[in-house]
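Residues 581 to 714 in this note's numbering are what the sequence shown lists, from first letter to last. Each remark here refers to the structure printed beneath this line.
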Amino acid sequence: QSDGAAPRVINPRHVHSLAFEPGGTAFAAALGDGSIELRDANHGALLAAAPSAHGAAASQVVFAPQLGGAGWGTAVPLLSAGDDSRLRLWACEPPPAEGASEGASLRAVGSASLAQKPNWVLPHPSGVVCVAGT
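Below, the structure is given as structure tokens:
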């Protein structure tokens with residue numbers, strides 16, 4: 581924490597994966613109930629949620645700005661993987677300013693079914709997405 585205050589522990593329930601958005605003001609959490617949450621990085625306040633993101637545990641989230649482009653505006657691409665053998669692409673709109681609690685959103689923009697549940701997802705700078713299964 582850079583403001584000199586005492587460190588805080590932010591602990592959403594049943595976390596399987598965390599990823600900071602590129603601006604560092606928010607983070608995404610993949611949760612054991614299949615949901616994806618976007619939370620304020622300083623205080624942990626819930627900014628946006630996709631409660632039915634996956635039909636089983638959400639196993640990973642990773643921001644992938646290289647998958648964006650024209651038409652994305654200020655939204656940042658977010659990939660999520662789940663134990664339901666699905667890979668999903670989200671448009672993550674972080675809060676417009678640090679500490680803001682309004683204006684953030686998660687919007688599903690794509691989905692792919694996989695042969696097995698993914699354990700890791702890694703976007704390459706070229707835009708290729710590498711998926712490691714079980």
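Glycine included, C-beta positions come from ideal geometry on N, C-alpha and C.
In the structure shown, Pro705 falls within a coil segment according to DSSP collapsed to helix, strand and coil. Under DSSP, no beta-bridge partner is assigned to Asp664. Only exposed fits Val689, as fewer than 16 other CB atoms lie within 10 angstroms of its CB. Taking one beta carbon from each stretch, the region 691-700 and the region 654-665 have 3 or more pairs nearer than 8 Å; the two touch. Ranked by Cα distance from Arg593, the first of Gly651, Arg687, Ala610 and Pro676 is Ala610.
Contact between the region 621-628 and the region 644-658 is absent: fewer than 3 CB-CB pairs across the two stretches fall below 8 Å. The beta carbon of Ala684 sits closer than 7 Å to those of Ala606, Leu618, Leu627, Ala628, Glu673, Pro674 and Pro675, all from its chain and outside the five residues before and after it, given in chain order.
Closest in C-alpha terms to Ser632, from the list Phe643, Gly707 and Arg668, comes Arg668. Considered as a whole, the region 583-652 harbours 595-600, 606-611, 616-620, 626-630 and 638-643 as its complete beta strand (DSSP E) runs of no fewer than 3 residues, in chain order.
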